[in-house]
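In this note's numbering, the protein residues as written are 36 to 132.
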């Protein structure tokens with residue numbers, strides 16, 4: 036069985052949030068499923084953001100897989116996740132001028 040690994044340090048820091056300097060970043064809303072392929076990355080990003088004093092909201096949806104939000108209208112978890120993302124964006128929208 037072959038294991039494929041991504042070469043380390045292949046992305047510039049600005050394109051790699053898991054290794055970038057997150058200080059001064061705006062608020063983050065991170066969603067992942069508990070069965071998510073990238074759950075560990077989501078958890079690591081949330082931790083790194085919080086450590087850098089970036090306001091972060093992390094939502095883990097039970098038993099959901101990668102991009103479960105695409106099943107909006109079919110899964111209540113997806114509906115709730117999309118609603119939560121919309122609420123996050125609406126509550127952080129700049130005031131109208």
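Built from N, CA and C at the ideal position, the CB exists for glycine as well.
For residue 96, the uninterrupted beta strand (DSSP E) run begins and ends at 91-96, by DSSP. Straight-line measurement puts the Cα of residue 47 at about 30 Å from the Cα of residue 116. Two segments are said to touch when three or more pairs of C-beta atoms, one from each, lie closer than 8 Å; by this definition the segment 75-91 does not touch the segment 103-115.
For residue 121, the secondary structure class from DSSP, reduced to helix, strand or coil, is helix. Residue 53 places its beta carbon 8 Å or farther from that of residue 92. Your pair residue 110 and residue 84 does not check out as a contact, with CB atoms roughly 27 Å apart and the cut at 8 Å. Residue 66 sits in a strand when the DSSP states are folded into three classes.
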